[in-house]
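Residues in the sequence shown are numbered from 1 upward in steps of one, following the UniProt record's numbering.
Note that beta-carbon positions come from the ideal geometry of N, C-alpha and C, so glycine has one too.
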Amino acid sequence: MLDAGSLPMEDPRVRIRPLRVEDAAAFAEGAADGAVREFAHLPEPEYTEASAREMIVGAAADGLARGDLAVLAIADPATDAFAGSIVVFDVQGQSAEVGFWLHPAHRGRGLTGAALALAARFAAQSGLHELRARTAPANAASRRALASAGFEETGTETGVTPAGETAELVGLVLPVYSLPELPLRTERLSLRLHVPGDEDWLHRVYSGAETARFLLEDPWTREEAGVRVRDRLTRTGLHTASGGFALVIEHAGEPVGDLALWLTDRRRRIAEIGWVLDPAHSGHGYAAEAVSAVLRLAFGELDLHRVAAQMDARNTASARLAERVGMRREAHLRQDWWSKGEWTDTVVYGMLPGDLPPA
1 MLDAGSLPME DPRVRIRPLR VEDAAAFAEG AADGAVREFA HLPEPEYTEA SAREMIVGAA
61 ADGLARGDLA VLAIADPATD AFAGSIVVFD VQGQSAEVGF WLHPAHRGRG LTGAALALAA
121 RFAAQSGLHE LRARTAPANA ASRRALASAG FEETGTETGV TPAGETAELV GLVLPVYSLP
181 ELPLRTERLS LRLHVPGDED WLHRVYSGAE TARFLLEDPW TREEAGVRVR DRLTRTGLHT
241 ASGGFALVIE HAGEPVGDLA LWLTDRRRRI AEIGWVLDPA HSGHGYAAEA VSAVLRLAFG
301 ELDLHRVAAQ MDARNTASAR LAERVGMRRE AHLRQDWWSK GEWTDTVVYG MLPGDLPPA
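Right, here's the structure in full:
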């Protein structure tokens with residue numbers, strides 16, 4: 001069921017919200033545009049202000065109330081003016097289709113990509129795992145917008161459009177993930193996103209030989225710490241283009257380590273987890289507490305299928321931690337990685353939802 005209670009949604013560029021009768025004139029005007037008539041496959045061949053108003057108070061309102069159809073406005077967040085429409089429909093299990101069009105007066109401002117990102121958030125809030133899309137092979141603008149929003153093309157086939165016409169259509173799919181509330185808090189810890197300035201303590205930790213010994217990279221320089229933090233600043237959730245999040249582990253307001261979870265198979269909801277603890281704060285169980293919390297988030301709100309962890313086989317402390325939080329040792333790869341002038345072994349741990357220890 002589509003969660004109408006999560007609407008409206010907005011970001012700095014765009015808002016998606018239920019249609020209102022005040023949108024009728026702009027809806028009819030935009031729907032009359034040649035590109036919209038050619039590619040949008042709207043249910044009606046044409047709209048007048050009166051017929052748009054009838055659709056808004058009738059089919060659109062009823063579908064949102066039932067929870068199986070969301071005909072929404074794409075609106076300017078500053079003025080709330082109608083700029084186009086985005087529709088989530090054909091809900092099948094944990095999947096739904098999305099369609100969209102923009103009024104010609106509002107094209108070229110990046111509104112489509114922003115609206116698609118909000119639609120993915122709306123879908124995740126509604127408990128869906130996937131958004132599907134179909135578009136005409138000749139609709140290059142739509143295909144670009146969908147690709148930039150993370151949709152992957154799955155092939156071309158003949159199908160029936162929302163207008164009831166048979167047409168050749170390119171299929172696309174986007175896995176959707178919820179946006180967890182951060183910082184994530186445990187009994188003793190707070191796990192937050194990175195912020196500018198984290199390079200200071202990260203450089204101190206990652207420049208140390210003890211930390212770098214079992215990592216793939218050499219000890220960090222000050223300049224490299226800045227580069228690494230800029231990358232971590234983009235990793236804010238599985239729903240983003242980065243496909244992962246990087247978190248700082250804090251105890252009593254002081255950073256004690258960092259942790260990352262990232263997708264290795266976006267469509268099949270498979271991820272990998274990794275962690276580093278500041279050696280000055282070892283021996284208190286902070287890393288295990290943080291990793292356990294993120295694994296519960298992974299198999300709970302994020303609904304992942306599998307999470308793996310890979311580490312240097314000599315890193316027995318990390319191996320013990322993986323086992324302590326319930327991960328299972330699945331493989332020992334002999335001399336599979338050349339690191340710091342020598343061949344090293346890798347051990348692989350994995351976890352499925354049923355492996356989580358009782359809370």
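Exposure of residue i, with buried meaning 16 or more beta-carbon neighbours within 10 Å
| i | result |
| --- | --- |
| arginine 134 | buried |
| glycine 244 | buried |
| arginine 269 | buried |
| arginine 334 | exposed |
| glutamate 199 | buried |
| alanine 359 | exposed |
| serine 318 | buried |
| leucine 216 | exposed |
| glutamate 181 | exposed |
| serine 6 | exposed |
| alanine 271 | buried |
| tryptophan 338 | exposed |
| alanine 65 | exposed |
| valine 256 | buried |
| valine 160 | exposed |
| valine 347 | buried |
| alanine 96 | buried |
| residue 397 | Outside the displayed span of the chain (1 to 359) sits residue 397, for which this structure offers no information. |
DSSP beta-bridge partners of residue i
| i | result |
| --- | --- |
| valine 160 | Thr166 |
| isoleucine 56 | Partner(s): none; isoleucine 56 has no beta bridge. |
| phenylalanine 89 | Glu97 |
| phenylalanine 82 | Ala75 |
| tryptophan 220 | BP columns for tryptophan 220 are empty, so no partner. |
| phenylalanine 245 | Thr236, Leu261 |
| glutamine 310 | Val348 |
| methionine 9 | Ile16 |
| residue 388 | Limits of the chain in this structure are 1 at one end and 359 at the other, which puts residue 388 out of reach. |
| glycine 155 | Gly171 |
| glycine 274 | Ala260 |
| serine 190 | Arg185, Glu250 |
| arginine 132 | Glu97, Val173 |
| arginine 320 | Partner(s): none; arginine 320 has no beta bridge. |
Residue i versus residue j - alpha carbon distance
| i | j | result |
| --- | --- | --- |
| proline 18 | arginine 144 | 26 Å |
| glycine 208 | alanine 331 | 29 Å |
| glutamate 130 | leucine 238 | 13 Å |
| glycine 73 | glutamine 92 | First, the residue type needs correcting, since residue 73 is alanine and not glycine in the sequence shown. Their backbone Cα atoms lie some 23 Å apart in a straight line. |
| aspartate 11 | proline 43 | 29 Å |
| leucine 193 | tyrosine 177 | 17 Å |
| aspartate 336 | aspartate 312 | 10 Å |
| glutamate 157 | glycine 171 | 8 Å |
| alanine 225 | histidine 251 | 22 Å |
| alanine 147 | glycine 155 | 14 Å |
| alanine 241 | alanine 149 | 8 Å |
| aspartate 3 | valine 88 | 11 Å |
| alanine 136 | alanine 70 | 22 Å |
| glutamine 125 | leucine 356 | 24 Å |
| glutamate 342 | aspartate 218 | 13 Å |
| valine 173 | valine 98 | 10 Å |
| tryptophan 220 | aspartate 278 | 14 Å |
| glycine 283 | threonine 211 | 15 Å |
| phenylalanine 39 | alanine 60 | 21 Å |
| histidine 281 | valine 205 | 11 Å |
| tryptophan 201 | glycine 285 | 20 Å |
| arginine 132 | threonine 316 | 44 Å |
| alanine 246 | alanine 35 | 41 Å |
| proline 77 | histidine 106 | 13 Å |
| proline 8 | alanine 75 | 10 Å |
| arginine 235 | alanine 52 | 41 Å |
| leucine 179 | alanine 298 | 11 Å |
Cβ separation of residue i and residue j, assumed to be a contact under 8 Å, to the nearest whole Å
| i | j | result |
| --- | --- | --- |
| methionine 327 | glycine 350 | 6 Å |
| glutamate 46 | alanine 32 | 7 Å |
| aspartate 258 | valine 229 | 10 Å between Cβ atoms; not a contact. |
| isoleucine 16 | alanine 119 | 7 Å |
| arginine 222 | histidine 203 | 6 Å |
| glycine 110 | arginine 13 | 6 Å |
| histidine 41 | glutamate 165 | 7 Å |
| phenylalanine 214 | arginine 320 | About 13 Å; that fails the 8 Å criterion. |
| leucine 295 | valine 325 | 6 Å |
| alanine 322 | alanine 309 | 5 Å |
Short CB-CB distance (under 8 Å) between residue i and chain B
| i | result |
| --- | --- |
| alanine 141 | The structure shown contains no chain B; it is built from a single protein chain. |
- request: Tell me, please, whether the segment 51-59 touches the segment 14-31 by the rule of three or more beta-carbon pairs shorter than 8 Å.
  value: Yes, the segment 51-59 is in contact with the segment 14-31.
task: For the segment 111-125 and the segment 82-94, state whether three or more C-beta atom pairs, one from each stretch, are separated by less than 8 Å.
output: Taking a contact to require three or more Cβ pairs closer than 8 Å, the segment 111-125 and the segment 82-94 qualify as touching.
message: Under 8 Å: do the segment 293-304 and the segment 263-279 share three or more Cβ pairs, one atom per stretch?
response: Taking one beta carbon from each stretch, the segment 293-304 and the segment 263-279 have 3 or more pairs nearer than 8 Å; the two touch.
- prompt: For the 8 Å Cβ check, are there 3 or more pairs between the segment 285-304 and the segment 178-190?
  reply: Touching, yes, given that three or more Cβ pairs across the two stretches are closer than 8 Å.
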